[in-house]
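Report on the following structure.
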Amino acid sequence: MDSNTPTVFSDDDEYDLISNPGHDYSLDSSVAGLPSRLEAKDIPEPPPAQAARDKLETVNWSADEIQALVRKSLNLAPETHSRRTVRIYVDGAFDVFNVGRALQLRQAKLAFPFVHLIVGVFPNELLNQHGCSVTWPEMERVEMVRHCRWVDEVITDIPWQLSEEFLLQRRVDYVAIDEGTSVDPNCHKLRVKGYDEIKRIGKVIQTKRTKGLSATRVPMSGPPTPVMATTSRLAVSCPSSLPTSQLVENDETPEPKLDIFGIAS
1 MDSNTPTVFS DDDEYDLISN PGHDYSLDSS VAGLPSRLEA KDIPEPPPAQ
51 AARDKLETVN WSADEIQALV RKSLNLAPET HSRRTVRIYV DGAFDVFNVG
101 RALQLRQAKL AFPFVHLIVG VFPNELLNQH GCSVTWPEME RVEMVRHCRW
151 VDEVITDIPW QLSEEFLLQR RVDYVAIDEG TSVDPNCHKL RVKGYDEIKR
201 IGKVIQTKRT KGLSATRVPM SGPPTPVMAT TSRLAVSCPS SLPTSQLVEN
251 DETPEPKLDI FGIAS
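Spelled out as structure tokens, the structure:
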């Protein structure tokens with residue numbers, strides 16, 4: 001592939017400074033002036049149904065509210081990252097891409113005024129290495145994520161255990177992780193170890209889990225599966241596909257409720 005061949009993974013941050021003779025513009029100010037670079041609050045979004053507003057708390061959060069919560073949790077000044085594009089990373093198997101996952105990606109995308117959201121989808125080989133089974137093939141899982149309105153980039157060449165080295169290689173500023181993940185018994189120990197390392201260097205954005213979701217069901221393309229077979233399949237499914245609280249309706253996060261954003265009434 002020559003240097004002039006475009007790729008689907010190109011983004012604003014890969015371009016050099018846009019020159020303008022006679023003006024001393026920085027990279028941030030130049031990229032910020034591009035018409036295709038929408039601020040979070042200006043990203044088009046169909047309004048949620050009233051039933052969703054009534055039942056799902058995270059549906060109601062505006063971009064400004066999400067950013068205020070993120071700044072408070074990270075102890076950032078209001079003007080921090082106000083103009084530059086922040087690169088945020090989320091990973092998972094995405095075997096069951098439900099409302100909870102979509103709303104997590106929404107929080108990640110709206111965490112700062114300008115965000116490039118990178119989503120890592122675990123390949124089949126990596127999942128098999130760690131004893132995880134999935135329903136959908138890798139290509140279809142990637143396609144499901146790629147069609148989410150909040151996602152800017154999808155990658156599969158990713159580690160099971162996050163590290164500072166990986167963040168540097170991918171130029172990731174923050175990793176978005178659902179609150180309670182590090183104490184969720186369904187989360188693989190190596191992944192928890194990686195999350196703890198990223199937390200230690202202050203690169204974690206904790207997203208709020210969405211409560212009140214319906215129980216997740218395994219998709220069926222043939223005759224109904226016997227109850228025992230279905231139960232067995234769920235028992236060995238990949239622990240990183242969905243947090244426990246998204247598998248059972250109204251189930252609570254495995255850890256005590258922590259008001260990490262300071263928004264409790």
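Residue numbers (the UniProt record's numbering): 1 to 265.
Glycine residues also receive a C-beta, built at the ideal position from the N, C-alpha and C atoms.
Keep in mind it's a predicted model, so treat the numbers as computed, not measured.
**Study point:** Beta-carbon proximity of V204 to V154, cut-off 8 Å
**Key:** With contacts defined by Cβ atoms closer than 8 Å, V204 and V154 do not form a contacting pair.
Review point. Thinking just about the alpha-carbon of each residue, which of H116, P48, C132 and G131 is nearest to the one in L38?
Key: Among H116, P48, C132 and G131, the Cα nearest to that of L38 is on H116.
Exercise for review: Express the C-alpha separation of V86 and Y174 in angstroms, rounding to a whole number.
Suggested key: Those two C-alpha atoms are separated by around 8 Å.
Check your understanding: With a CB to CB cut of under 8 Å and the five nearest residues on each side skipped, what residues in its chain are close to Q169?
Key -> For Q169, where only same-chain residues beyond five positions count, there are no Cβ hits under 8 Å.
**Study point:** Straight-line Cα distance separating S133 from G222
**Key:** Confidence is the limiting factor: at G222 the pLDDT is only 41, short of 50, which leaves the residue's position unreliable and the question unanswerable from this model.
Practice item. Rounded to whole angstroms, what's the CA-CA distance from V192 to P48? Just pull it up for me. Key: Distance from the CA of V192 to the CA of P48, rounded to the nearest whole angstrom, comes to 33 Å.
Practice item. Using a Cβ-Cβ cut-off of 8 Å, state whether K208 counts as contacting chain B. Key: Here there is only one protein chain, and chain B is not present.
Point to revise | the stretch 103-115 contacting the stretch 143-151, beta-carbon criterion three pairs below 8 Å | key: Yes, they touch.
Exercise for review: Mark E65 as exposed unless 16 or more other C-beta atoms lie within 10 angstroms of its C-beta, in which case mark it buried.
Suggested key: Residue burial is scored here from C-beta neighbours: E65 has fewer than 16 other C-beta atoms within 10 angstroms and is therefore classed as exposed.
Review point. First and last residue of the beta strand (DSSP E) that includes E153?
Key: In this chain, the beta strand (DSSP E) harbouring E153 covers E153 to I155.
**Study point:** Simplified DSSP assignment, three categories, for Q206
**Key:** In the structure shown, Q206 adopts extended strand secondary structure according to DSSP, grouped into three states.
Exercise for review: Would you please state the rounded distance, in angstroms, between the beta carbons of E143 and P123? I believe it to be under 8 Å.
Suggested key: Their Cβ separation, rounded to whole angstroms, is 14 Å, which puts E143 and P123 out of contact at 8 Å.
Review point. If you count every other CB in all the chains shown that lies within 10 Å of the CB of A215, and 16 or more means buried, which is it?
Key: That one is exposed.
Check your understanding: Quick one: Cα of W160 to Cα of D95, how far?
Key -> Approximately 16 Å between the Cα atoms of the pair.
Exercise for review: Within the same chain, show all residues whose beta-carbon is closer than 8 Å to that of T156, passing over the 5 residues directly before and after it, in chain order.
Suggested key: So the list reads G120, V121, F122, P123, E138 and V142, once near-sequence residues are dropped.
Exercise for review: Could you pull the start and end residues of the beta strand (DSSP E) that R87 belongs to?
Suggested key: Run containing R87: V86 to G92, per the beta strand (DSSP E) assignment.
Check your understanding: So the alpha helix (DSSP H) V142 belongs to, where does it begin and stop?
Key -> Element bounds for V142: E138 to R146.
Point to revise | Other residues of its chain near R53: CB distance less than 8 Å, five sequence neighbours each side excluded | key: Taking R53 as the centre and dropping the five residues before and after it, the same chain places the C-beta of V59 and N60 closer than 8 Å to its C-beta, in chain order.
**Study point:** T207, buried or exposed, once every other Cβ within 10 Å from all chains shown has been counted against 16
**Key:** Buried: at least 16 other Cβ atoms inside 10 Å.
Review point. What residues are listed by DSSP as bridge partners for I120?
Key: Correcting the residue type first, residue 120 is Gly in the shown sequence and not Ile. The partner list for G120 (beta bridge, DSSP) reads D91 and I155.
Exercise for review: Enumerate in chain order the residues of its own chain whose CB-to-CB distance from R71 is below 8 Å, with the five nearest sequence positions on each side excluded.
Suggested key: Excluding sequence neighbours, R71 sits near A77, P78 and T80.
Exercise for review: Over the uninterrupted alpha helix (DSSP H) stretch that includes D196, give me the two end residues.
Suggested key: For D196, the enclosing alpha helix (DSSP H) stretches over residues K189 to R200.
**Study point:** Buried versus exposed call for R101 [16 or more other C-beta atoms within 10 Å across all chains shown]
**Key:** Using a 10 angstroms sphere on the CB of R101, the tally of other CB atoms reaches 16 or more, which defines it as buried.
Check your understanding: Thinking just about the alpha-carbon of each residue, which of L127, L110 and L167 is nearest to the one in Y195?
Key -> For Y195, the nearest C-alpha among the options comes from L167.
Review point. Would the beta-carbon of A40 fall within 8 Å of that of F112?
Key: Going by C-beta atoms, A40 is nearer than 8 Å to F112.
Review point. Count the other CB atoms within 10 Å of the CB of I177; is the residue buried (16 or more) or exposed (fewer)?
Key: The Cβ neighbour count for I177, taken over all protein chains shown within 10 Å, is at least 16; the residue is labelled buried.
Practice item. Kindly give me the distance between the Cβ atoms of E165 and I201, rounded to whole angstroms, as I take these residues to be in contact under 8 Å. Key: Rounded, the Cβ-Cβ distance is 11 Å, inconsistent with contact.
**Study point:** CA-to-CA distance, V99 to K211, given in whole angstroms
**Key:** Across the structure, K211 and V99 are spaced so that their CA atoms are roughly 10 Å apart.
Review point. Taking Cβ to Cβ, would you say Y89 is nearer than 8 Å to V145?
Key: Not in contact: Y89 and V145 (Cβ atoms no closer than 8 Å).
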